[in-house]
Amino acid sequence: MQKINLLGFTLEQLKFEFLKNGLSILDAKRVFPWIHTKLAASFSVMTDIPLEIRKILEHAYSLARPRCLTLQKSRDGTSKALLEMVDGNLIETVLIPEERRTTVCVSTQIGCAMGCKFCHTGTQSFVRNLTSSEMISQIFFWKAERAVTNVVFMGMGEPLLNFENLSSVLELLLDEKAHNFSRNKITVSTSGITDDTIKSLAKFGVKLAISLHAPTDEKRSFLMPINKKYNIKMLLETARTYPQNSNTDCVTFEYLLLKDVNDADSDALALACLLKSVPCKVNLIAFNNWPGTKFASSTEGRRNEFVRIASNGIRVTARKSKGGDILAACGQLKGASNLL
Ligand code: SAH
Ligand code: SF4
């Protein structure tokens with residue numbers, strides 16, 4: 019019998035699971051903080067839980083975390099870990115320490131089905147969703163290194179296509195008896211899956227980033243095939259409704275500057291026109307190179323000119339890329355899968 023991993027269980031899920039197994043609600047209430055605030059790696063350390071209960075726990079459940087195969091540190095302090103899941107699949111997770119915050123970038127899937135042309139993960143076909151245990155383990159992993167202040171779901175995969183497990187993880191992160199993050203320290207980035215899932219996400223009150231990357235449907239569909247299903251108009255509608263539904267500030271549109279693809283003056287102008295009546299911020303991100311890509315990063319001069327033109331009417335910031343020298347930045351993550 020394979021033991022059930024409890025790391026990703028919310029308190030309610032834990033109570034339910036324990037009751038099913040002849041354990042009590044009180045047992046769940048006792049075990050939960052051991053897992054999430056004391057980061058216990060085994061049941062044997064849970065000294066306030068009777069020995070016979072611990073034996074049952076050890077028999078049926080596990081607190082195993084993915085094994086770290088490699089840990090790389092970038093010159094700018096960013097670290098990337100390659101983690102091995104119990105089935106042998108590999109994922110990457112990143113820690114970005116800055117002066118005033120330390121951010122963990124969480125992967126949500128093994129591979130990604132969206133196939134965005136500029137994305138390294140997108141070149142790997144979709145294998146499976148990560149479980150909530152596998153996602154929260156990434157936070158556990160970095161918490162052992164240093165205090166984490168922010169969490170972004172911007173690693174491998176499309177978070178909104180793994181929503182049930184994502185929900186459990188968000189609940190654990192926000193739960194004051196667990197990881198106790200405030201909701202404005204958590205950001206979910208989506209390629210724009212603007213169906214009812216977004217409404218469910220809004221209930222958590224976390225920040226939303228939408229990967230836009232082009233000012234017209236034609237260009238966006240070329241770069242991101244998902245645009246044929248959820249087009250720019252639907253993204254703008256989401257940008258209008260999400261802040262009210264989630265009680266958050268405006269959404270952030272991510273715009274990746276790709277040399278000679280979407281970085282012309284006319285693109286900047288089109289972007290400003292598109293977004294001028296939409297409450298939002300635009301984050302311009304530099305393209306992170308990966309082996310085999312046909313895309314290239316825009317020059318600094320081009321980027322400055324783009325910012326100048328696009329800023330006419332919208333709020334634009336150019337985000338610095340981190341961890342480039344270890345392939346740790348957004349869109350560069352690619353865990354080799356032994357199942358492919
Ligand atoms: N699947 C989600 C979240 C993960 S990707 C999404 O697409 O939003 C996180 C961010 O990295 C997205 O904005 C994505 O478009 C961007 N990205 C992908 N490939 C990139 C690359 N090569 N360089 C820079 N950013 C990239
Ligand atoms: Fe998937 Fe996001 Fe990469 Fe697109 S950018 S392939 S949605 S991980």
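Each residue of the sequence shown is one higher than the one before, starting from 19 at the first, in the working numbering. The beta-carbon is built from N, C-alpha and C at its ideal position, and this holds for glycine as well.
Does the segment 143-153 come close enough to the segment 202-210 that 3 or more CB-CB pairs lie under 8 angstroms? No, the segment 202-210 is not in contact with the segment 143-153.
Would you call the segment 92-99 and the segment 133-145 touching, i.e. three or more CB-CB distances under 8 angstroms? With the cut-off at 8 angstroms, the segment 92-99 and the segment 133-145 do not touch.
Cα-Cα, which of I327, T28, L100 is closest to M113? The residue asked about is misnamed: residue 113 is Leu in this sequence, not Met. Comparing alpha-carbon positions, the option among I327, T28, L100 lying closest to L113 turns out to be L100.
Using the Cβ count rule (16 or more neighbours within 10 Å means buried), how would you classify D286? According to the sequence shown, residue 286 is Ala rather than Asp. Note on A286: 16 or more other CB atoms within 10 angstroms of its CB, so buried under the neighbour-count rule.
Quick one, which of Q20, I327, S143, A288 has its alpha-carbon nearest L230's? From the listed residues Q20, I327, S143, A288, the smallest Cα separation to L230 is found for A288.
For Q156, the three-state DSSP class (helix, strand or coil): Note: Q156 maps to helix in three-state DSSP.
In angstroms, rounded to a whole number, what distance separates the CA positions of T96 and N307? Rounded to the nearest angstrom, the two C-alpha atoms are 17 angstroms apart.
Rounded straight-line distance, which links the Cα of E236 to that of S42: If you draw a straight line from the Cα of S42 to the Cα of E236, it is about 57 angstroms long.
Is it the case that the CB of C86 approaches a heavy atom of the ligand SAH more closely than 7 angstroms? Relative to the ligand SAH, even the nearest heavy atom lies 7 angstroms or more away from the CB of C86.
Within 8 angstroms, do at least three Cβ pairs link the segment 50-57 to the segment 174-182? Touching, no, given that fewer than three Cβ pairs across the two stretches are closer than 8 angstroms.
Say the cut is 7 angstroms; is the CB of C134 nearer than that to a heavy atom of the ligand SAH? True, at least one ligand heavy atom lies under 7 angstroms from that Cβ.
Residue range of the beta strand (DSSP E) that C291 falls in? Residue range 283-293 is occupied by the alpha helix (DSSP H) that includes C291, with no beta strand (DSSP E) assigned at that position.
Leaving out five residues before and five after A290 in sequence, what residues of the same chain have Cβ atoms less than 6 angstroms from its Cβ? Answer for A290: A328, N330, G331, I332, listed in chain order.
Indicate the three-state DSSP secondary structure (helix, strand or coil) for I211 in the structure shown. Three-state DSSP puts I211 in coil, outside helix and strand.
Is it the case that the CB of I67 approaches a heavy atom of the ligand SAH more closely than 7 angstroms? For I67, the distance from the CB to the nearest heavy atom of the ligand SAH is not below 7 angstroms.
Give me the residue from R118, F313, F27 with the minimum Cα distance to Y79. The option with the nearest alpha carbon to Y79 is F27.
When you compare only the Cα positions, how much space is there between C298 and T111? C-alpha separation (whole angstroms): 28 angstroms.
Rounded straight-line distance, which links the Cα of E102 to that of S60: Spanning the two alpha carbons is a distance of roughly 19 angstroms.
From the DSSP output, in three-state form, read off N39 for me. Note: N39 maps to coil in three-state DSSP.
Look up S218 in the DSSP assignment and say whether it is helix, strand or coil. DSSP places S218 in helix when its eight states are reduced to three.
For Q20, which residues does DSSP report across the bridge? For Q20, which the question treats as bridged, DSSP gives no partner whatsoever.
C-alpha gap between A232 and E76, whole angstroms: Rounded to the nearest whole angstrom, the CA to CA distance from A232 to E76 is 52 angstroms.
Uninterrupted alpha helix (DSSP H) stretches inside the segment 34-90 (no shorter than 4 residues): Runs found: 43-54, 69-78.
Decide if Q156 is buried, meaning its Cβ has at least 16 other Cβ atoms within 10 Å, or exposed. The residue is buried, with at least 16 neighbouring Cβ atoms inside 10 Å.
Relative to the alpha-carbon of L184, which residue among F36, W160, S200, V224 has its alpha-carbon at the smallest distance? Among F36, W160, S200, V224, the Cα nearest to that of L184 is on V224.
Measuring straight from C-alpha to C-alpha, what distance separates A46 and F36? Roughly 7 angstroms separates the two Cα atoms.
Any heavy atom of the ligand SF4 closer than 7 angstroms to the Cβ of C123? Not so, every heavy atom of the ligand SF4 lies at least 7 angstroms from the Cβ.
Sort out for me which residues DSSP pairs V228 with in a bridge. Here residue 228 turns out to be Ile, not Val, going by the sequence shown. In DSSP, I228 forms a bridge with T208, F271.
Would V269 be called buried (16 or more neighbouring beta carbons within 10 Å of its own) or exposed? It is buried - the Cβ of V269 has at least 16 other Cβ atoms within 10 Å.
Taking P115 as part of the beta strand (DSSP E), name the residues at either end of that continuous run. Note, P115: beta strand (DSSP E), 108-115.
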